[in-house]
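Okay, structure first, notes after.
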Amino acid sequence: MKIGELARRSGLAPSRIRFYEASGLINAQRQANGYRSYPEQALQTLGIIGCAQQAGFSLEEIRRLLPKADSQDWAHDELLASLQRKVGEIEAMQQVLVQNKAQLLAIIATIEGKPEGMQCAENAERVLANLRAR
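In this note's numbering, the protein residues as written are 1 to 134.
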């Protein structure tokens with residue numbers, strides 16, 4: 001299929017498809033007239049790339065996991081290990097986010113707990129002093 005059809009079917013811009021091709025993630029055959037011709041498999045590969053990027057995989061990680069151009073074989077063990085590693089990374093990020101949220105909520109509580117009659121500048125100093133004490 002030509003790039004226009006692949007773009008329409010995948011929902012991606014032709015420039016994005018050309019970028020993925022230049023990055024070695026998908027392959028195209030050049031026709032005599034210079035047009036690119038993509039195999040049906042390119043549509044599936046683009047879907048996998050999109051899902052992998054949403055899951056946090058870099059293009060380099062995706063490149064290592066996709067079957068090589070001359071093969072349809074997936075590196076099963078490497079794929080499984082990469083997916084498990086990514087789950088671990090996500091769990092670590094979740095812990096950091098929980099800690100960040102708790103810190104922000106504590107700061108909000110400190111700001112909202114301003115003693116009656118205290119000016120904003122004084123309250124700002126009080127909040128900063130509280131942050132430095134942590």
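Just so it is clear, CB atoms sit at the ideal spot from N, CA and C, and this is done for glycine as well.
Nearest neighbour of residue i, chosen from the options [CA to CA]
i	options	result
Gln41	Arg16, Gly34 and Lys68	Lys68
Lys86	Glu61, Gly34 and Gly113	Glu61
Ala52	Leu79, Glu116 and Asn27	Leu79
C-beta atoms of residue i and residue j nearer than 9 angstroms
i	j	result
Leu59	Ile48	no
Ser37	Met93	no
Ile111	Asn123	yes
Arg64	Ser82	yes
Pro39	Gln54	no
Lys114	Arg126	yes
Unbroken alpha helix (DSSP H) run spanning residue i, endpoints
i	result
Pro14	Pro14 to Ala22
Met1	It is not in any alpha helix (DSSP H) - Met1 carries neither H nor E in the DSSP assignment.
Glu122	Cys120 to Arg132
Gln53	Gln41 to Gln54
Presumed contact (8 angstroms Cβ cut-off) between residue i and residue j, rounded CB distance
i	j	result
Ala32	Ile17	That pair is no contact at about 21 angstroms.
Gly24	Pro14	Contact doesn't hold; Cβ gap of about 18 angstroms is too wide.
Glu89	Gly56	7 angstroms
Tyr20	Leu46	7 angstroms
If we require 4 or more residues per run, which alpha helix (DSSP H) segments fall completely within the segment 56-87? Runs of the alpha helix (DSSP H) inside the segment 56-87: 59-65.
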